[in-house]
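Let me begin by presenting the structure, written as structure tokens, before commenting on it.
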Amino acid sequence: MKKHILSLALGSLLVSTLSAEDDGFYMSAGYQIGEAAQMVTNTKGIQELSDNYENLSKLLTRYSTLNTLIQLSADPSAINTARENLGASAKN
């Protein structure tokens with residue numbers, strides 16, 4: 732009788748251990764799936780942020796170019812140089 736109770740106790744302990752491992756495996760797999768989904772979401776956010784920075788960089792470059800052209804247009808010597816260059820190229 733004691734052998735039967737002992738084997739029953741060991742059997743139930745083994746089954747509970749296996750169930751715990753199964754639950755742990757599924758929890759672990761669930762966490763990994765959740766982490767992968769979060770990484771995809773983060774990747775999308777990072778890509779959008781990168782695109783926004785690229786657009787900002789292009790706008791700043793355009794602004795800088797426009798600012799330089801405005802400064803040159805206010806400089807009389809730059810205007811005279813441009814007129815001379817145009818006149819010289821028209822003669823050629």
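Heads up: the sequence shown at position 55 corresponds to 786 in my numbering, and the numbers run straight through without jumps.
Even glycine gets a Cβ: it sits at the ideal position worked out from N, Cα and C.
Item to check | Own chain partners of Asn-786 with C-beta closer than 7 Å, once the 5 adjacent residues on each side are dropped | outcome: Counting only Cβ-Cβ distances below 7 Å, and skipping sequence neighbours, we find nothing.
Item to check | Reduced DSSP secondary structure (H/G/I, E/B, other) of Ala-821 | outcome: helix
Checklist entry - Helix, strand or coil for Ala-805 per DSSP? => result Residue state, collapsed to three classes: coil.
Checklist entry - With a CB to CB cut of under 6 Å and the five nearest residues on each side skipped, what residues in its chain are close to Ser-804? => result none
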